[in-house]
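Student: My structure is below; once you've seen it, I'll send some questions.
Chains as they are written, first to last, in our numbering: chain A, 1 to 492; chain B, 493 to 935.
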C-alpha cells in the first residue's frame, strides 16, 4: 500500500514519544545494545531461536551501517517468522482439554504459520471467528472447539474479547463489572453472536462434521441455555454499538466484520499492545488483555499513534513488527548501568525476558542438533511436544517471569539434553585441529551465547581448561556451564 | 535471594548413608519443633472408578445396576464395601467414606481440573493452582532440600500445575517409582560437577553484577535448590531399594499383573502395572521425610474409565488398589504417622448406575471418595445415595466442600485469599460462601 509510511519513519515517531516522556520524567535512556545483544534478541523474538554460529559470525563481521535493518527485513521475510508466531498463538488459542491435542496442535500450527507469513491480522482474525467445517479441511475451526464439543458460548466470548479486543469482559458474565463500564448486557450481547454454532447431539460430531451453524438458534433457544453462569437473554449487540438487525446475516460473520473495520475502537489497539508486550516484555497497557478505561496506558499517544499506523498499513503485523524493532527503544541494552526502575518502566531500557519452552528447545537444536533422546521421559507425543509440556507452563504467559523450579533444573543439568552427546559433537567441531584456545573459546561462546567472551572470561576459561583431565573434557565442561547460565536461559 | 550457589561437595554427601531424615531426624535430635505438621497423600484414581463397584455397593438394586460384585462386611458393623477390597475392609475404623460426592463436570479433563483446583476450567485468565501446590505453599518449607509437592506415576499434567503460586510450588514428577527419581545425579563425576558448579557460580556473579535481573536470580535460586536436592541425604526417600524386601512386597507385586483387558488399553507405555503399590510406598517414604503433599496416580488416565469390560477391569484394579492402600494405611499406622497424614482416595467422578454393554459410563451426580487418617473420625459413612446410586439423598458434597474439608483437616484456612500477579481481585483458596457441613462430622 503506497499510502503507508515507511516503517523506519514510524520507528522515529515511537522514539519521539518514548524519549519525550523520559525527559519529562527526568530519566535518561540506556545506551543502545551492542550488535551481539541485538542479534540474539531479535532472533529469539522473531524466529524463536538463537542464531547459528555462522549467522552470528556473519552479522558481527558485517560493517554496513544499515545491517540491523537488513537483518530485520531478512528475518521477517523468512517462513520461520510465521512459524514462531504460530507456535505462540496455537498455545494461546487451542483448548488444552482435548484427547487429540497433539494432532490439533500440529494442524493448527501449520495453518497459523501460513497465515502469519502471508495474511494480515484482520484476515487471520476473521478466518478464526467465522470458521466452519472439520479441522482437517479448515484448521481455523480449532479455535472454536474444545475436546469433542464446540467451545461454550461464554468461553468464546471471553477468548475473543481478550485476544482480539484486549478486553476482559468475563467479569461481566455474572454481574456488571465492578471497575470498568461493562454491563452484563455487554457480555451477553457479544455472546449472542456465537449462539448459532450447533451443539451436537452426539459428542463425536466435531470430528465427523465439524463446526456447523444453524441460523435458527439464538441465545434463547441454545441447548443448555439455562446452564451458563449469569445467563442473560440478549440480542446480538456490538460492544459500545448498536444491536445487529435481526436475521440479517450469520452472527459470527457480522461480528468479524464489525471487529476488523478500520474504525473499530478496540481491534487495532489490542494487536499493537500485544505486539509491544511480546517484544518489550511489558505492554503499553498491563495486563496485556485488560485495556479497559479504568486501566489506562502508560503512553496513550504512543498507543494511538501505533494503532493508527497499523490500521493504515492494512493491519499488517510485519509492518508493525518492523516499526517497533527499528526503534531505538527496542534496540536499547537491558543492562541497567546504574539506571533506575523508572528507566525500565518508561521503556528507557529493554527488559529481560525468559526463554519460552519452545525457544529453549529450538535453541538446543540449533546449538547441538536434534536433542538427545533421554530415558525417564514419556515422549509418546513427540520429543518437542514432550519438552514443551515439561518446561512450558501453560499457566503463565508473562514473558518476564521466571517460572522454572527444581524439576526443570534437575532435567536441565542432568538429562543430557543440554549437554551430553550433543556437546561431544560441538566440542569436536570447535576444536578443529590447530585451533588456539582463544579461537575455541570464541567459537564456543558464539555458538551458545551468540557473543565473544570478554578478556576476563577468556583468561578464566583457559585457566579452567588447563586444570581438566584433557582439553576435550575441559571444553565440554565449559560448554555445559555456558548452557546452565542465566544468560543462556534469558533473552536479555 | 541466594548469594552463592550451594557448593556442598557432592562427593562428600553422596556416600553418607543414614536414613533418618526430615522431621524424624529433627525429632530424634530433640529439636523443639512443636506438633508435626500434617501431610497429605492423594491417591488419584484416574478415569473415575464406579462408586457402586467400590465403596457404595447397592445389593438391593436390580441386577443391571447392582453389577457382578457382592458387598462384604468391614471392621465397622453396618458398613459394607465391595468384595474386592477385603484388606481395606479390615481398616475401616480409620476411614470415612464420603458417599455424597456430587459434582458438575463429567468430562475427564474438565472434572480432573475441577477436582484438583476447586475451580472450573473455562479458559479464563487465572491459572489456578493444583491442590498439591496449595498445600505446598501453605505448609511447605522453602529452606529444605526436598520439594514440597511430588507426583508419582503418569498423572494428569494439565491439572498439576502450581499456577499462580509459582516455581517453588511446582510438582517434582516421578514417572516410575520403581526406577525412582530421574535426573537426580550429574552425568559428570562428582569432582568434575563441583568444579563446573563453581565456574557457573562465577558466571552467575558477573551476570548479576551487570544485569541485576530478578529472572536471573530466580534461575540461580532454582539451580541452587536442585543442587541441594542432588546432594541431600533426604533424596533417599525416592530410592525404594533402601526399603526391606518384606515391606516392598507388602505394597504389592513389582511385576506385571494380569489386568490387561481384551482389546482395551490399560497400562500406557512407561507405566508398569503394579507400580501403584510401589508409588504408595514411595509416598510413605516422602511423607516420613517431611514432604507435605504427594499425589500417586493409578491408571494413567485410562485405568478406571471402564466403558467396556467394567467388571474384569474394576476387579483387577480394585485388588491392586486394595493391597497398596491397605499396606499404606497399615504402614503409616505402625510408624505413628497415620494421625498426621491424611490419605485421600478419589477419582474425577463415579460411573453410571446402569451397565450398558458390560461397561459403565461417566457419572458425576453421585459418587464416592474416601478419607483415611489425618486425625479424622474414622469408621463412618458421610452422605448417602438412593437405592440405585444415582442421586445423593443426604449430605451432598460439592468440589469446594471436598477441598475445603481437606484443607481444614490439614490445618489450612481455605478462606484465605491469594493475590495472583496481573489479576485485580483476590482469589480464595476455595471459593465457597456456603458452610461446609460435612466437616463437623469428620473432625
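The beta-carbon is built from N, C-alpha and C at its ideal position, and this holds for glycine as well. None of the values given here were measured: they were computed from a predicted structure.
Going by C-alpha distance, which of A:309, A:273 and A:126 is nearest residue 250 of chain A?
Tutor: Start at 1 with the first residue of the first chain, and residue 250 of chain A comes out as number 250. Checked all of A:309, A:273 and A:126; the closest Cα to residue 250 of chain A is A:126.
Student: Are any of the Cβ atoms in chain B nearer than 8 angstroms to that of residue 409 of chain A?
Tutor: Position 409 of the first chain, counted from the start, is the residue given in the question as residue 409 of chain A. So yes, residue 409 of chain A belongs to the interface.
Student: Based on the DSSP output, what are the partners of residue 901 of chain B in its beta bridges?
Tutor: Locating residue 901 of chain B in the second chain gives position 409, where the first residue counts as 1. Beta-bridge pairing links residue 901 of chain B to no other residue.
Student: Is the beta carbon of residue 610 of chain B sitting closer than 8 angstroms to the one on residue 891 of chain B?
Tutor: Residue numbering aside, residue 610 of chain B sits at position 118 when the second chain is read from its first letter. Residue numbering aside, residue 891 of chain B sits at position 399 when the second chain is read from its first letter. Yes, the Cβ-Cβ distance between residue 610 of chain B and residue 891 of chain B is below 8 angstroms.
Student: In this structure, what does DSSP give as the bridge partners for residue 925 of chain B?
Tutor: Within the second chain, residue 925 of chain B is the residue found at index 433, counting from 1. Residue 925 of chain B is not bridged by DSSP to any residue.
Student: Please go through the region 613-682 of chain B and give each complete alpha helix (DSSP H) segment of 4 or more residues, from N-terminal end onward.
Tutor: 623-631
Student: So is residue 723 of chain B in contact with chain A if we call contact Cβ pairs under 8 angstroms?
Tutor: If you number the second chain from 1, residue 723 of chain B lands on position 231. Not closer than 8 angstroms to any Cβ of chain A, the Cβ of residue 723 of chain B fails to qualify, so no.
Student: Count the other CB atoms within 10 Å of the CB of residue 929 of chain B; is the residue buried (16 or more) or exposed (fewer)?
Tutor: Numbered from 1 along the second chain, position 437 holds the residue referred to as residue 929 of chain B. Residue 929 of chain B is exposed by the Cβ-count criterion.
Student: Under 8 angstroms between beta-carbons, which chain A residues line up against residue 485 of chain B? List them in chain order, please.
Tutor: The structure shown does not extend to residue 485 of chain B, since chain B spans only 493 to 935, so no value can be given for it.
Student: Chain B partners of residue 521 of chain A, CB-CB under 8 angstroms?
Tutor: The question about residue 521 of chain A has no answer here: the residues shown for chain A are numbered 1 through 492.
Student: Skipping 5 residues on each side, what residues in its chain have a beta carbon closer than 8 angstroms to that of residue 802 of chain B?
Tutor: Here residue 802 of chain B refers to the residue found at position 310 of the second chain. Correct list, in chain order: 542, 545, 559, 843, 847, 850, 851 and 852.
Student: Quick one: which residues of the region 823-850 of chain B get their C-beta closer than 9 angstroms to a C-beta of chain A? List them in chain order.
Tutor: none
Student: Determine the DSSP secondary structure at residue 264 of chain A, reduced to helix, strand or coil.
Tutor: Here residue 264 of chain A is taken as the residue at index 264 of the first chain, counted from 1. It is coil, neither helix nor strand.
Student: Going along the chain, which residues of its own chain have a beta-carbon closer than 6 angstroms to the beta-carbon of residue 551 of chain B, five neighbours each way excluded?
Tutor: If you number the second chain from 1, residue 551 of chain B lands on position 59. 563, listed in sequence order.
Student: Since residue 116 of chain A contacts residue 153 of chain A with CB under 8 angstroms, what's their CB separation in whole angstroms?
Tutor: Indexing the first chain from 1 puts residue 116 of chain A at position 116. Indexing the first chain from 1 puts residue 153 of chain A at position 153. Incorrect: roughly 28 angstroms between the Cβ atoms, too far for contact.
Student: Jot down the residue ranges of each uninterrupted alpha helix (DSSP H) in the region 52-122 of chain A, minimum 4 residues, whole runs only, in chain order.
Tutor: Correct list: 53-61, 67-77, 79-93 and 101-118.
Student: Out of B:698, B:601, B:590 and B:554, point me to the one whose CA is closest to residue 146 of chain A's CA.
Tutor: Locating residue 146 of chain A in the first chain gives position 146, counting from the first residue. For residue 146 of chain A, the nearest C-alpha among the options comes from B:601.
Student: Check residue 859 of chain B in the structure and name its three-state DSSP category.
Tutor: On the second chain, residue 859 of chain B is found 367 positions in, with the first residue counted as 1. Note: residue 859 of chain B maps to strand in three-state DSSP.
Student: According to the neighbour-count rule (16 or more other Cβ atoms, all chains shown, within 10 Å of its Cβ), is residue 515 of chain B buried or exposed?
Tutor: Residue 515 of chain B sits at position 23 when you count from the first residue of the second chain. Confidence in residue 515 of chain B is poor, its pLDDT being 34 and thus under 50, which makes the residue's placement too unreliable to answer from.
Student: Indicate whether the contact test is met: 3 or more Cβ pairs, each with one atom in the region 714-723 of chain B and one in the region 401-415 of chain A, closer than 8 angstroms.
Tutor: yes
Student: Does DSSP classify residue 237 of chain A as helix, strand or coil?
Tutor: As a position in the first chain, residue 237 of chain A is number 237, starting the count at 1. Three-state DSSP puts residue 237 of chain A in a strand.
Student: Closer than 8 angstroms, CB to CB, is residue 704 of chain B near chain A or not?
Tutor: Within the second chain, the letter at position 212 stands for residue 704 of chain B. Answer yes: the Cβ-Cβ gap between residue 704 of chain B and chain A drops below 8 angstroms somewhere.
Student: Find the residues of chain B that neighbour residue 477 of chain A, judging by a C-beta separation of less than 8 angstroms, and give them in chain order.
Tutor: As a first step, residue 477 of chain A must be located in the first chain, where it is residue number 477. Within 8 angstroms Cβ-Cβ: 680, 684, 687, 688 and 691.
Student: Between the beta-carbon of residue 687 of chain B and the beta-carbon of residue 729 of chain B, is there less than 8 angstroms?
Tutor: Within the second chain, residue 687 of chain B is the residue found at index 195, counting from 1. Within the second chain, residue 729 of chain B is the residue found at index 237, counting from 1. For residue 687 of chain B and residue 729 of chain B, no; Cβs fall outside 8 angstroms.
Student: From the beta carbon of residue 895 of chain B, is the nearest beta carbon of chain A less than 8 angstroms away?
Tutor: Residue mapping note: residue 895 of chain B aligns to position 403 of the second chain, counting from 1. Output row for residue 895 of chain B: interface = no.
Student: Give me the chain B residues within the contact set of residue 416 of chain A, using Cβ-Cβ distance strictly less than 7 angstroms, ordered along the chain.
Tutor: As a working mapping, residue 416 of chain A is identified with position 416 in the first chain. Chain B residues near residue 416 of chain A: 679.
Student: Touching or not, the region 635-648 of chain B and the region 656-675 of chain B, by the rule of three or more beta carbon pairs under 8 angstroms?
Tutor: yes
Student: Name the residues in the region 326-354 of chain A whose C-beta lies less than 7 angstroms from a C-beta of chain B; which are they?
Tutor: 334, 335, 336, 352 and 354
Student: Three-state secondary structure (DSSP) at residue 785 of chain B?
Tutor: Taking the first residue of the second chain as position 1, residue 785 of chain B is located at position 293. Note: residue 785 of chain B maps to strand in three-state DSSP.
Student: Would you list, in chain order, the members of the region 269-288 of chain A that have their beta-carbon closer than 7 angstroms to a beta-carbon of chain B?
Tutor: 287
Student: Counting only the same chain and skipping the five closest in sequence on each side, list residues whose C-beta sits under 6 angstroms from that of residue 182 of chain A.
Tutor: As a first step, residue 182 of chain A is located in the first chain; it is residue number 182 there, counting from the start. The residues are 169 and 172.
Student: Using the beta-carbon count (16 or more within 10 Å), is residue 634 of chain B buried or exposed?
Tutor: The count along the second chain starts at 1 and reaches residue 634 of chain B at position 142. A residue is called buried once 16 or more other Cβ atoms fall within 10 Å of its Cβ, and residue 634 of chain B, having fewer, is exposed.
Student: Please classify residue 907 of chain B as buried or exposed, where buried requires at least 16 neighbouring CB atoms within 10 angstroms.
Tutor: As a first step, residue 907 of chain B must be located in the second chain, where it is residue number 415. It is exposed - the Cβ of residue 907 of chain B has fewer than 16 other Cβ atoms within 10 Å.
Student: Have a look at the DSSP bridge pairing and note the partners of residue 132 of chain A.
Tutor: One-based indexing of the first chain puts residue 132 of chain A at position 132. None; residue 132 of chain A has no bridge partner.
Student: If we define contact as Cβ-Cβ less than 8 angstroms, is residue 633 of chain B a contact residue for chain A?
Tutor: Residue numbering aside, residue 633 of chain B sits at position 141 when the second chain is read from its first letter. No, its Cβ sits nowhere closer than 8 angstroms to a Cβ of chain A.
Student: Considering only their Cβ atoms, is the gap separating residue 450 of chain A from residue 36 of chain A smaller than 8 angstroms?
Tutor: Translated into the one-based positions of the first chain, residue 36 of chain A becomes position 36. Translated into the one-based positions of the first chain, residue 450 of chain A becomes position 450. Less than 8 angstroms separates the beta-carbon of residue 36 of chain A from that of residue 450 of chain A.
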